[in-house]
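When you line the sequence shown up against full-length UniProt numbering, it's residues 1 to 252, in that order.
Before any comments, here is the structure.
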Amino acid sequence: MKLNYKKTGSGPPLVILHGLFGSADNWFSIARELQEDFTLYLVDQRNHGDSPKSDEWNYQVMVEDLYELLGEIDEDKIFLMGHSMGGKTAMNFALTHPERVEKLIVADIAPRYYPVHHEQILQGLNSLNLAEIQSRKEADEKLAEFIPVAGIRQFLLKSLGRDSDGFIWKINLPVITENIEEVGQKLESDEQFFGETLFLAGANSDYIKDSDCEDIYSFFPNYQLIKVANAGHWLHAEQPKAVIEEIRKFLL
């Protein structure tokens, strides 16, 4: 699958993968601060952003998508970073194609299984009748009945686009809803990635627990874990300066 991506900056290649319900746009502000040091590729994973939609959606095909993208952009070896779902894609890619990854950064996700916990979000998104919605404000108000946190609604509504007929979802909402369990799947591999690996955890997030360290080590023996203070799961949005600093320290 030919993925959509944004390219900026100059220097060694750094590919960044967004999380569930996100897009390349989520990383623009980070990219602006890093573009003097790296050539950044901000990628829309399948069924997200402006990349194609597909009924097939799992980590195996997302790894294949990334491999195809590296051929397209003619980058042999990369720095690879992924957040949440993107972190799972990045981990799977590093285990499958270790020769293509110079260093790996995984943001607030561990290799373990995560039970489905997006029911309220999916219920809210699926409740919107886009044919009747007249404005983003109206969409936000209706979504608030299911999702009370304004920041989460703002994030989700970034995937609300328009075409000639009105509002559309850029995400493939039916396929994501049907296959949501795929997002939480644990890593299944007999391989290890021996390259340098940084796990960035939000100090206020429970996505990476101390009990995950043994599992992380089994796949990524050359890893370090850093907890970003005053940050939850969306650490790059909550503490961008700290995240940028850790990326620079690790990669440069």
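Heads up, the beta-carbon is just placed ideally off N, CA and C, and yes, glycines get one too.
Exercise. Would a check of beta-carbon distances place Phe146 closer than 8 Å to chain C?
Worked result: In the structure shown, chain C cannot be found, because there is only a single protein chain.
Exercise. First and last residue of the alpha helix (DSSP H) that includes Phe93?
Worked result: Start and end: 85-96.
Exercise. Where do the N-terminal and C-terminal ends of the alpha helix (DSSP H) with Asp140 fall, by residue?
Worked result: Segment 136-143, the alpha helix (DSSP H) holding Asp140.
For this session: Out of Gly82, Asp206, Leu14, His236, state which residue places its alpha-carbon closest to the alpha-carbon of Met62.
Result: The residue with the shortest Cα to Cα distance from Met62 is Gly82.
Problem set entry | Proximity of Phe250 and Leu225 at Cβ, strictly below 8 Å | Annotated as distal: Phe250 and Leu225, with beta-carbon spacing of 8 Å or more.
Problem set entry | Classification of His117 by the beta-carbon crowding that lies within 10 angstroms, buried from 16 upward | The residue in question, His117, is exposed, as its Cβ has fewer than 16 Cβ neighbours within 10 Å.
Problem set entry | DSSP state of Ala131 mapped onto helix, strand, coil | If DSSP states are grouped into helix, strand and coil, Ala131 belongs with coil.
Problem set entry | Nearest-angstrom Cα separation, counted from Lys142 out to Leu128 | Cα-Cα distance, rounded: 7 Å.
Problem set entry | Alpha-carbon to alpha-carbon, Tyr217 and Phe193 | C-alpha separation (whole angstroms): 10 Å.
Problem set entry | Length of the line joining the Cα atoms of Gly22 and Ala150 | Looking at the two C-alpha atoms, the distance is approximately 16 Å.
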